[in-house]
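Numbering (this note's numbering), first residue to last: 15 to 161. C-beta: ideal position from N, C-alpha, C; glycine also.
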Amino acid sequence: MRGNESEDDATLLVNSISQISADAFFVTQKLHSNNDHFDVIYYKQILPKKLADRLLIYCEKNIKYFTGNLARVFLFNQWHPIPRKQMAMGHPNLHYRFSGNVIPAKPWNAVILALRNLVSEIAKCDFNFVLINRCAFFFFSRWASED
């Protein structure tokens, strides 16, 4: 393995993501709530499969997930390890509170920033934070509460 393989992968991914035109996407499904607090807009397959597969491989090699106190939740009056890997990236000084924990945003890396920029352009929303979860199995999903 070359010493700069991850940098080469990152550069290729950033270039590939940056070449995707936000103009090519249209709303495939839009859901509204009964109140005005949220809308869910679904875009089908923003990334081509090969690019999505490369992105997953890159993330598996390069995302450094939180450990220790940042990898636990407070439920039923006690601390429990989170049954998934997680980390966050975002703008400076941002954090996410849930289930008794505060997750700080690490600085964007080039690949996740390129993906954020594409999604922001498509959705016409300036996203400033992402919580990255890596679940081994879907049945690990559990109830969580935002503080």
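Beta-carbon spacing of residue i, residue j below 8 Å
i, j, result
"Asn147", "Arg111", "no"
"Ile31", "Leu129", "yes"
"Ala36", "Ile126", "no"
"Gly114", "Val133", "no"
"Phe39", "Ala102", "no"
Neighbour-count burial assignment, residue i, 16 or more Cβ in a 10 Å radius
i, result
"Asn29", "exposed"
"Phe154", "Because the pLDDT of Phe154 is 47, which lies under 50, any placement of that residue in the model is unreliable, and the question is left without a value."
"Ile71", "exposed"
"Arg16", "Its pLDDT being 47, under 50, Arg16 is placed unreliably in this model, and the coordinates cannot settle the point."
"Leu69", "buried"
"Ala119", "buried"
"Gly104", "buried"
Run of the beta strand (DSSP E) containing residue i, from where it starts to where it stops
i, result
"Arg86", "86 to 89"
Residue i beta carbon near the ligand FAD (any heavy atom closer than 7 Å)
i, result
"His94", "Although the ligand FAD was asked about, the structure shown includes no ligands whatsoever."
Start-to-end residues for the alpha helix (DSSP H) that takes in residue i
i, result
"Leu127", "124 to 137"
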